[in-house]
Amino acid sequence: MLFRAMLATSLMIAAAQPAFATETPPAPSATDNKRDPNAIRCKSEPIIGSLAGKRKVCRTNAEWQRAAEDGKRNASDIVGGSGSCAGGPGCAGGN
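Here the sequence shown stands for residues -21 to -1, 1 to 74, numbered as in mature numbering (1 follows the signal peptide of the UniProt record, and there is no 0).
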């Protein structure tokens, strides 16, 4: 009986040990380059109205750059009081 308990305990301890990775990570490819405008990057974005929900959004670096510039322009217009908008979905008369 004691032997079975010790055997079960040792098996559980052995199973709990982390496995060592035998493969080396792949070298960074062109798609990982943040300077390549055609490389695709994915980001996690929060879902509006959800405390923990997130969605994965994938775009090219050029699209991420364009979205950042539009956001900065819209924020600048709002703070500056010009009242103009870049014509996005949140703008009056936008899509």
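For glycine and all other residues, C-beta sits at the position ideal for the given N, C-alpha and C.
Cβ separation of residue i and residue j, assumed to be a contact under 8 Å, to the nearest whole Å
i          : j          : result
residue 13 : residue 23 : Their Cβ separation, rounded to whole angstroms, is 17 Å, which puts residue 13 and residue 23 out of contact at 8 Å.
residue 16 : residue 47 : Actually they are not in contact, since the Cβ atoms of residue 16 and residue 47 sit about 13 Å apart, beyond 8 Å.
Residue from the options whose Cα sits closest to the Cα of residue i
i          : options         : result
residue 20 : 35, 49, 39      : 39
residue 35 : -18, 25, 29, 44 : 25
residue 37 : 27, -13, 18     : 18
Residues that residue i bridges to, as DSSP identifies them
i          : result
residue 48 : Per DSSP, none; premise fails for residue 48.
residue 34 : 24
residue 39 : 19
Cβ neighbours of residue i in the same chain (closer than 7 Å, five flanking residues each side left out)
i          : result
residue 31 : none
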